[in-house]
Amino acid sequence: MENKHLEQLSKIVGQENIKSDKAHMIAYSYDATRTRFEPDAVIFPKDKFDISAILKYCNEHNIIVVPRGAGSGFTGGALPASGGIVLSLERHMNKLLEIDMQNMLAVVQPGLINMDLQKAAEAVGLFYPPDPASEEYSTLGGNVSENAGGMRAAKYGITKDYVMALEAVLPNGEIIRAGKKTIKDVAGYNIAGILIASEGTLAVITEITLKLIPKPKHKKTYMGIFPDVTTAMNAVFKSLASGASPVAMEFLDALVIKALRDKLKVDLPEFAGGVLVGDVDGNLEDEITYQLDVLEKSFKENGATDFIVASNDEEAKKLWYARRNASPAVTIYGTKKLNEDISVPRSKLPEALEAIYAIGDKYGFKVPCFGHAGDGNIHVNVMVKDKNNEQEMEDGHKAIEEIFQLVVDMGGTLSGEHGIGTSKAPFMHIAFNEAEMELFRNIKKAFDPNNILNPFKMAL
Ligand SMILES: Cc1cc2nc3c(=O)[nH]c(=O)nc-3n(C[C@H](O)[C@H](O)[C@H](O)COP(=O)(O)OP(=O)(O)OC[C@H]3O[C@@H](n4cnc5c(N)ncnc54)[C@H](O)[C@@H]3O)c2cc1C
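Residues in the sequence shown are numbered consecutively from 124, following my numbering.
Okay, structure coming up:
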């Protein structure tokens, strides 16, 4: 980038808030995909007015701008794949602006860490449920832009279910508000709905109004042990349809269970071929007892051999240990994990998993699966034994493509929570027809006619 641009931009934000030295360029070239694209500069705006002036300047001079939260994304959304400026929201724009107890909502800046909001809400008896596993470092701006989900999604839903209003800066520098602090608002198009999961391609989010709910008083952890993953997956949708409302319902398949036993010596029975683990919560002890009864009855009717309930925090932690360590455990099956976060309607889980294993067998891969069974979201891991073997890597990618086609054919989606970014862009044609892609491109053009904001992501 020409020096004259850096000089103009530093007049907007101050010299100390614009960096173009090598160390910063390397630090801001990554996200959790571990793919690298170096930007030309990183800017740390102080407020929406800085962002407005930066975007106005960049729009006039055709300079690419890529918004960034914590850089924990799994699909390359925050990477400057075509160069330009990284606009980093986490340094200055990270404040909790307000908790409104009477209307049960919070107003935050986009760089606030998810866990910081959870803690602040809980300190006053309120609750912000979306809890991505990256909750200790991912930002709420990143969560909204990816529509992040977490373990508690089975009962409480995902980020979009809590967004009431957004303030954002358009690529031409105009500042807009979308949504209100009201529960109901049907005036005009749902622009906040369009910005959610837009992966920083339409506008830079500068303020977020989030719904909070009362914090449930009691919680208990359960685990169901099944002989195989098919019975476990049948129990998922059947127990939910029979009135169970667990906070979380996570699953582990036979390969994951074996990996946990062999690598981490986790105390799961040798005969276990499928596990469901989660929490139930409520304000009354009776609600918890009722929920556990419904789950136990339904799990056992669907083939569970054991139903365990933790009697204290220590035991709960032990039950959760298996799920929390599924990802590191499966590395016993290969040197490269090609992992995707596909999602299917819950009733299709048994069929989807069988078909995924068959694709793995066809190419000679072990495909351990685990994830958020309660919302049909499977973390599929195609394990490549030798990542330096080009043929194996190519076959691994072919297997992934077949898995995408399979889930779309079943009415599912390429991504339940991680988004598209650069890594899933080549597969968008599987999920969307030309008319749908054209509509996406027209929405992009309406917000960003000069294509300066995070361009070429999501196959746009
Ligand atoms: C170990 C680990 C576990 C994870 N677990 C989960 C999980 O359980 N559930 C889940 O959903 N995800 C999970 N993720 C993925 C990731 O944490 C989420 O996608 C998260 O929402 C990204 O937040 P971030 O602040 O890191 O955003 P970034 O990675 O910095 O950015 C993500 C996208 O948002 C855009 N963006 C960021 N801020 C703004 C803004 N203010 N305005 C406009 N666009 C913006 C960026 O351009 C980019 O496209 C996990 C990641 C890791 C590394």
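Glycine included, C-beta positions come from ideal geometry on N, C-alpha and C. Quick caveat: nothing in here was measured; it's all calculated off a predicted structure.
Starting from residue i, follow the beta strand (DSSP E) in both directions and report where the run begins and ends.
i: residue 332; result: 327 to 334
i: residue 399; result: 397 to 405
i: residue 166; result: 164 to 166
i: residue 190; result: 188 to 191
i: residue 431; result: 429 to 432
i: residue 345; result: 341 to 349
i: residue 300; result: 298 to 302
i: residue 493; result: 492 to 495
i: residue 228; result: 228 to 231
i: residue 211; result: 208 to 211
i: residue 466; result: 459 to 466
i: residue 375; result: 373 to 376
Sorry if obvious, but does the Cβ on residue i come closer than 7 Å to a heavy atom of ligand 1?
i: residue 552; result: no
i: residue 214; result: no
i: residue 496; result: no
i: residue 161; result: no
i: residue 546; result: no
i: residue 389; result: no
i: residue 154; result: yes
i: residue 189; result: yes
i: residue 454; result: no
i: residue 256; result: yes
i: residue 233; result: yes
i: residue 271; result: yes
i: residue 448; result: no
i: residue 367; result: no
i: residue 373; result: no
i: residue 182; result: no
i: residue 262; result: yes
i: residue 426; result: no
i: residue 205; result: no
i: residue 175; result: no
i: residue 322; result: yes
i: residue 193; result: yes
i: residue 286; result: no
Assuming residue i and residue j form a contact by the criterion Cβ under 8 Å, report the distance between their Cβ atoms to the nearest whole angstrom.
i: residue 548; j: residue 582; result: 4 Å
i: residue 203; j: residue 187; result: 7 Å
i: residue 329; j: residue 439; result: 39 Å between Cβ atoms; not a contact.
i: residue 373; j: residue 446; result: 5 Å
i: residue 287; j: residue 228; result: 6 Å
i: residue 504; j: residue 453; result: 5 Å
i: residue 493; j: residue 375; result: 5 Å
i: residue 305; j: residue 576; result: Their Cβ separation, rounded to whole angstroms, is 29 Å, which puts residue 305 and residue 576 out of contact at 8 Å.
i: residue 201; j: residue 495; result: Not quite, the Cβ-Cβ distance comes to about 23 Å (not below 8 Å), so this is no contact.
i: residue 234; j: residue 264; result: 6 Å
i: residue 356; j: residue 476; result: 6 Å
i: residue 352; j: residue 377; result: 6 Å
The alpha helix (DSSP H) that contains residue i, what's its start and end?
i: residue 221; result: Residue 221 -> not in any alpha helix (DSSP H); beta strand (DSSP E) instead, spanning 219 to 223.
i: residue 506; result: Where residue 506 is concerned, there is no enclosing alpha helix (DSSP H), although the beta strand (DSSP E) it sits in stretches over 500 to 507.
i: residue 148; result: 145 to 150
i: residue 139; result: Residue 139 -> no alpha helix (DSSP H), and no H or E assigned at all.
i: residue 290; result: It is not in any alpha helix (DSSP H) - residue 290 instead sits in the beta strand (DSSP E) that spans 286 to 292.
i: residue 518; result: 513 to 532
i: residue 563; result: 557 to 570
i: residue 268; result: 263 to 269
i: residue 575; result: Unbroken run through residue 575: none, as it is neither H nor E.
i: residue 420; result: 408 to 424
Within the same chain, show all residues whose beta-carbon is closer than 7 Å to that of residue i, passing over the 5 residues directly before and after it, in chain order.
i: residue 509; result: 458, 515
i: residue 175; result: 292, 296, 298
i: residue 159; result: 152, 153
i: residue 570; result: 293, 294, 325, 326
i: residue 502; result: 462, 464, 492, 493, 494
i: residue 427; result: 347, 348, 349, 358
What does a CB cutoff of less than 6 Å around residue i pick up in its chain, not counting 5 residues either side in sequence?
i: residue 541; result: 197, 198, 464
i: residue 300; result: 290
i: residue 433; result: 344, 439, 442
i: residue 269; result: 542
i: residue 214; result: 167
i: residue 456; result: 489, 506
Tell me which residues share the same chain as residue i and place their Cβ nearer than 8 Å to its Cβ, disregarding the 5 neighbours each side in the sequence.
i: residue 261; result: 192, 193, 195, 236, 237, 255, 271
i: residue 136; result: 166, 167, 168, 169, 173, 177
i: residue 566; result: 317, 325
i: residue 573; result: 182, 185, 294
| query | On the three-pair Cβ rule with 8 Å, is the region 314 to 328 touching the region 351 to 366? | reply | no
| field | Segment contact flag, the region 221 to 240 with the region 143 to 155, C-beta cutoff 8 Å, min 3 pairs | value | no
| query | Do the region 199 to 213 and the region 246 to 254 meet, that is, are 3 or more Cβ pairs less than 8 Å apart? | reply | no
| message | Whether or not the region 384 to 401 and the region 511 to 527 are in contact is what I'm after, with contact meaning three or more pairs of Cβ atoms, one per stretch, closer than 8 Å; do they touch? | response | no
| query | Touching or not, the region 429 to 447 and the region 469 to 481, by the rule of three or more beta carbon pairs under 8 Å? | reply | no
| message | For the pair the region 391 to 399 and the region 339 to 354, tell me if three or more CB-CB distances fall below 8 Å. | response | yes
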